[in-house]
Amino acid sequence: MIRRTLGALSIALLAACSGEKTDAATPAADSMAAAPAAEAPAPKDIVETAIAAGTFNTLAKALTAAGLVETLKGAGPFTVLAPTDEAFAKIPAKDLEALLADKAALTKVLTYHVIAGNVPASTVTTLTEATSLEGSKIAIKVVDGKVMLNGASEVTSTDIAASNGVIHVINTVLMPPKK
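Sequential numbering from 93 applies to the sequence shown in this note's numbering.
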């Protein structure tokens, strides 16, 4: 639709610049209107969607270091509580470097951010907890209209659709409870 409109506008603009008169009934405009609509791009999976957003670079690096990229590119569905780069920046640099270097600990932290199934915001707000893929529970509470996880991390954006699930953006990295 946009291409057809731009095409018709381009023809009208060219005609105006050359002094020719044109309207929507010109053969060139008709051929643009008859052009088939471009197919919508295939939906991206959770990893591709997160990378395309541009605010999850540390998360992408962590998923790669933990060897979880292929898992989150899988069929799912998954619900990912995705910490932004700013959320990761709240972790002291030395601690973050140590976490990124410890594959087992990193995997535990990252899988704590994933819930099996597609859990939209409308469902999240009705829950008091959810079980992560890591196996531990995540406490959920709505406070002043904001969804809080474990009392410390706020869900800042919801229902970012992906082909294999949904992403909810959070502002603090969740740490699984020590067992």
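Cβ coordinates follow ideal geometry from the N, Cα and C atoms, glycine included.
Treat the numbers as computed from the prediction; the structure is a model and nothing was measured.
query: By a C-beta neighbour count over all protein chains shown, 10 Å radius and 16 as the cutoff for buried, is ALA142 buried or exposed?
result: buried
query: Can you name the start and end residues of the beta strand (DSSP E) that VAL235 belongs to?
result: Counting along the chain, the unbroken beta strand (DSSP E) around VAL235 starts and ends at 229–235.
Residue environment, GLY257, which counts as buried when at least 16 other CB atoms sit within 10 Å: buried
- request: Using 10 angstroms around the beta-carbon of VAL206, count the other beta-carbons present and answer buried if the total reaches 16, otherwise exposed.
  value: buried
ASP137 burial status per 10 Å Cβ neighbour count (16 or more: buried): buried
field: Three-state secondary structure (DSSP) of ASP251
entry: Per DSSP, reduced to three states, the secondary structure at ASP251 is strand.
- prompt: Among LYS270, ASN263, ASP251 and ILE183, which has the Cα closest to the Cα of GLY243?
  reply: ASN263
query: Just the Cα atoms here: how many angstroms apart are LEU151 and THR217?
result: 24 Å
field: Backbone CA spacing between PHE191 and LEU198 [nearest angstrom]
entry: The sequence given here has Leu at residue 191, not Phe. Cα-Cα distance, rounded: 6 Å.
- request: Say whether the segment 208–215 touches the segment 155–175, bearing in mind that this needs 3 or more beta-carbon pairs closer than 8 Å, one atom from each stretch.
  value: At 8 Å Cβ cutoff, the stretches touch.
task: Spatial neighbours of SER123 within its chain, please: CB distance less than 6 Å, with the 5 preceding and 5 following residues excluded, ordered by chain position.
output: Low confidence applies to SER123: its pLDDT is 40, below 50, so where it sits in the model is not reliable enough to give any reading.
- request: Look up ALA185 in the DSSP assignment and give the residues it is bridged to.
  value: DSSP output for ALA185 lists no bridge partner at all.
task: May I have the straight-line CA-CA distance separating ASP90 from LEU155, to the nearest angstrom?
output: Because the chain in this structure spans residues 93 to 271, residue 90 falls outside the shown range and cannot be described.
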